[in-house]
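Trainee: Following the numbering used here, the numbering of the sequence shown begins with 977 at its first residue and continues without gaps. Think of the CB as a built atom: it goes at the ideal place given N, C-alpha and C, for glycine as much as any other residue. Sharing a structure below in structure tokens format, with a few things to ask.
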Amino acid sequence: MDKMIESSKQVSLFCRLNLNTRRDLPIRSSEMGMLIYLVKTDEVKTPHAAAQFFHVTKAMATNMATSLSSKGYIEKRQLKTDRRSYELIPTAKAVRLVEETYHDYFKTMSFLETRLGKEKFDTFIRLLTAANEILLEEKGDE
């Protein structure tokens, strides 16, 4: 089989197997990712910061924040330093959901680290990071 076909097949299989398909979440998977970020990060919690972290547009992060706010998972608090922007504050409901699902959400990564061993897992993550940087650079050139 052609090397590129086999490579593509393996990447596709990995992505499918790694999908977090926890179907009983009360919110979309992308919103869950944002909640985990907001609950676990010590960084500034604004739509702009979330957009940079996830490599999405600010509009997309703002839409997720609006959805999470309407469902009672976050509160928006206007920044004192810049009245045009606001901080995203996770509610107790959000913290509870993250605490209940965090382990399951990252189960695949923990499993891979255990089975591959720390050295191979770290190499895998370094290579994946390098590949993502190359693809993000290419995407930015478009």
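1. So, for G1007: in the same chain, excluding its five sequence neighbours on each side, which residues have a beta-carbon less than 7 Å away from its beta-carbon?
2. If you draw a straight line from the alpha carbon of R1072 to that of D978, how long is it in whole angstroms?
3. Would you report the Cα separation of M1085 and K1052, rounded to the nearest angstrom?
4. DSSP three-state label for R1053, please.
5. Look up P1066 in the DSSP assignment and say whether it is helix, strand or coil.
6. Contact defined as beta carbons within less than 8 Å: I believe L1064 pairs with P1023. What is the distance between those atoms, to the nearest angstrom?
7. Just the Cα atoms here: how many angstroms apart are E1114 and L989?
8. State the DSSP-derived secondary structure class of F1082, mapped to helix, strand or coil.
9. Are the Cβ atoms of G1093 and K1069 separated by less than 8 Å?
10. Between which two residues does the alpha helix (DSSP H) harbouring V1015 extend?
Mentor: Based on what the coordinates show:
1. The question names Gly, but residue 1007 is Glu in the sequence shown. The beta carbon of E1007 sits closer than 7 Å to the beta carbons of M1040, S1043, L1044 from its chain, once the five residues preceding and following it are set aside; these are given in chain order.
2. Per the coordinates, the alpha-carbon of R1072 lies some 48 Å from the alpha-carbon of D978.
3. Distance between M1085 and K1052, taken at the CA atoms: about 31 Å.
4. Secondary structure at R1053: strand, using DSSP grouped into helix, strand and coil.
5. DSSP places P1066 within a strand segment (E or B) once states are collapsed to three.
6. The distance from the Cβ of L1064 to that of P1023 is about 7 Å, consistent with a contact at the 8 Å cut-off.
7. For E1114 and L989, the distance between alpha carbons rounds to 23 Å.
8. Look at F1082 here: in three-state DSSP terms it is coil, with no helix or strand label.
9. No; because the gap between Cβ atoms is not below 8 Å, this pair is not in contact.
10. In the DSSP assignment, V1015 falls within the unbroken alpha helix (DSSP H) covering 1005-1016.
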